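See below for the structure under consideration.
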Amino acid sequence: MNAVWFLVLSAFIFCIGAAGVIARRNPLVILLCLELMLNAGNLALISFSRMLGNREGQVFALIVMVVAACEVVVGLGLIVAMYRRRLPLDVDEVRELRG
Amino acid sequence: MLLEQVLFFVAAAGAIGGALGVVLLRNPFFSVLALVAHLISLALLFLLLRAEFIAAAQLVVYAGAVMVLYVFVVAYVGGVEETVGGEGAIGRVGPVFAGALLVELCIAIIGSALPAIDSRGPHVAAGFGSPGAIGKLLLEKFLIPFEAASFLLLVAAVGAVVLARRRRGLEDSVG
């Protein structure tokens, strides 16, 4: 398979994730859509690494996975804190910082 | 050659189907399950790209550990059903924005004059993405990013504990 197939597939996944981040209102689902976008980036990195015959893209993908894990942990901690304080789990309702 | 193409299209259909499931399903629990299917399809794609170690890490770390964390939080918070798209302008802008982004990205990818983009890439030896090769890179050339990543994980773990712990006073003032 040519690398362009993988790149177009990663563009598809990234756009689906971006649409989810914009359209969904549940913070849990927004975090899931962020995961989609990060994974699309990983797929592009790894297909470029295969295209160039160079392993370094795979190391970058590994670092992206670490960053995604950190983002999940902090995001889920925020969601649990929101639930504890009985705030609504809806990003349109949490508007204290809106100007 | 043919098997590779069949595997690619099966995995691509799984990945796109899983991604659509994450966005379109109304119950967050089913969204998490769709993301697990998406991640497993992506691991298959990584195997096709000769990234064996990344595929294994994807399965163990992502589809295993991170998704269990999600399932726990969804079970704790309770699945809140919501309408997809929602009311207001935002719900309608989302798909339009995504479509425009997709068109732009495809123009950028296909229209770029990179000669290697239309090739299968150079021939690589059998152990291209093996744990040994990746580990050697991580510990030699990318030692500083590796240590920074471990420090970032430590900070995130401490931050999650601080964020989610029970604080006296705060809850009473709100509830």
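As given, the protein sequences belong to chains D and H, one line each in that order. Final position of the first sequence in our numbering is 133; the numbers increase by one with none missing. Final position of the second sequence in our numbering is 178; the numbers increase by one with none missing. Here a beta-carbon is modelled for each residue, glycine too, at the ideal position from N, C-alpha and C. All values reported here derive from a predicted model rather than from experimental measurement.
Alpha carbon to alpha carbon, how far is Lys139 of chain H from Gly87 of chain D? Give it in angstroms, no decimals. 16 Å
Can you tell me whether Arg84 of chain D is helix, strand or coil according to DSSP? helix
Within a Cβ cutoff of 8 Å, which residues of the same chain sit near Ile137 of chain H, ignoring the five residues on either side of it in sequence? Phe56 and Ile57
Could one say the Cβ of Leu5 of chain H lies closer than 9 Å to chain D's Cβ atoms, at least one of them? no
Return helix, strand or coil for His41 of chain H, following the three-state DSSP convention. helix
Starting from the Cα of Phe131 of chain H, find the closest Cα among H:Val9, H:Phe49 and H:Val71 and give me that residue. H:Phe49
For Ala15 of chain H and chain D, any beta-carbon pair shorter than 9 Å? yes
Out of curiosity, what's the CA-to-CA distance linking Phe75 of chain H and Arg53 of chain H? 33 Å
Taking the C-alpha atoms as reference points, what is the distance between Pro134 of chain H and Glu143 of chain H? 14 Å
Just the Cα atoms here: how many angstroms apart are Met85 of chain D and Glu7 of chain H? 16 Å
Would you check if there are 3 or more beta carbon pairs closer than 8 Å linking the region 63-72 of chain H to the region 142-156 of chain H? no
Taking just the CA atoms, how far does Gly91 of chain D sit from Val177 of chain H? In this predicted model, Val177 of chain H has a pLDDT of only 49, less than 50, meaning its place in the structure is not dependable; the value taken from the coordinates is given anyway. If you take the alpha carbons of Val177 of chain H and Gly91 of chain D, they lie about 47 Å apart.
I need the boundaries of the alpha helix (DSSP H) containing Ala53 of chain D, first residue and last residue. Ala37 to Ala57
Nearest neighbour of Ala101 of chain H, chosen from D:Met71, D:Arg59 and D:Leu96 [CA to CA]: D:Met71
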